[in-house]
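Data block below; observations after.
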Amino acid sequence: MLVAPSILSADFGRLNDEITAICDAGCDLIHVDVMDGHFVPNMTIGPVVVNAVATVATKPLDIHLMVENNTFFVDLFAPLNPRYISFHIEEEKHPHRLIQKIRSLGIKPAITLNPHTPVETIEYLLEDLDMVLLMSVNPGFGGQKFIPSVLEKSKRLKDLIEKRNKNCLIEVDGGVSDKNIHELKDAGVDIVVAGSYVFGSGDYQKAIESLKV
Ligand code: DX5
Ligand code: ZN
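For what it's worth, the numbering used here labels the leading residue of the sequence shown as 1, then goes sequentially.
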């Protein structure tokens, strides 16, 4: 299992130290939640702050867009050279076109699904994707309760991935902890995002290790 701590739960007053600490603690990716106050009822950070994160990070960035105008935000964050950019399928009229655009910028494209969105919606996009991000909470806030139906969704998605593109990874985001990590592993998940569990623990290294099952 790869682990991507979500910096939404970091102490933003000491952001540089927090980034260095999770990188030293053995995380695989740094999950960056971008919220615009329209697609979700919250706002987070823009390219100025994310650029500061990228400067100290020794692990690649995984940018999760929760915004209305995906193309605008892809253009804004692409110069920071993230490993992944994911956008919500619920907010995109032309997902196939946007996937090609992200790839043409040298970034791995990913699509995010809200808890209610069936995996079949993206079946014919899988061959063009590097990752699918399944939300296990409603997007907008850290520290929410895990929605267990994501486990069945992940298994269904794994079957589609076997058929369409074996290289596509499954990431799960929201309410992840040592309590559900084994179920997530059994459901075929490759990467977990964990915000409050990692940053709320007293020991980042121990928390990250507990998710590497
Ligand atoms: C929610 C964000 C998540 C969030 C996860 O909209 O996409 O990345 O930070 O936080 P936890 O792990 O606390 O549920
Ligand atoms: Zn996220």
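Built from N, CA and C at the ideal position, the CB exists for glycine as well.
Whole-angstrom distance between residue j and residue i, CA atom to CA atom
i: valine 74; j: isoleucine 102; result: 7 Å
i: valine 137; j: aspartate 24; result: 28 Å
i: lysine 163; j: isoleucine 99; result: 20 Å
i: phenylalanine 77; j: glutamate 183; result: 33 Å
i: aspartate 159; j: valine 150; result: 14 Å
i: histidine 31; j: lysine 93; result: 25 Å
Backbone secondary structure at residue i - three-state DSSP
i: alanine 25; result: coil
i: histidine 88; result: strand
Where residue i falls, given that 16 or more other Cβ within 10 Å makes a residue buried
i: methionine 43; result: exposed
i: proline 152; result: The displayed chain sequence assigns glutamate, not proline, to residue 152. Its Cβ having fewer than 16 others within 10 Å, glutamate 152 is exposed.
i: leucine 39; result: First, the amino acid is wrong: residue 39 is phenylalanine here, not leucine. It is buried - the Cβ of phenylalanine 39 has at least 16 other Cβ atoms within 10 Å.
i: valine 213; result: exposed
i: aspartate 11; result: exposed
i: glutamate 171; result: buried
Sequence-distant residues of its chain with Cβ nearer than 7 Å to residue i (five each side left out)
i: cysteine 27; result: Val3, Ala4, Pro5, Lys59, Ile208
i: valine 56; result: Asn16, Ile19, Thr20
Same chain, Cβ closer than 6 Å to residue i, five either side skipped, listed in chain order
i: serine 177; result: Tyr197
Residues of its chain near residue i, where Cβ-Cβ distance is below 8 Å and the 5 sequence neighbours each way are ignored
i: arginine 14; result: none
i: leucine 129; result: Ile99, Pro109, Ala110, Ile111, Ile122, Asn165, Cys168
i: proline 41; result: Gly140
Interface flag, residue i vs chain B, CB-CB below 8 Å
i: serine 136; result: Absent from the structure is chain B; it holds one protein chain and no more.
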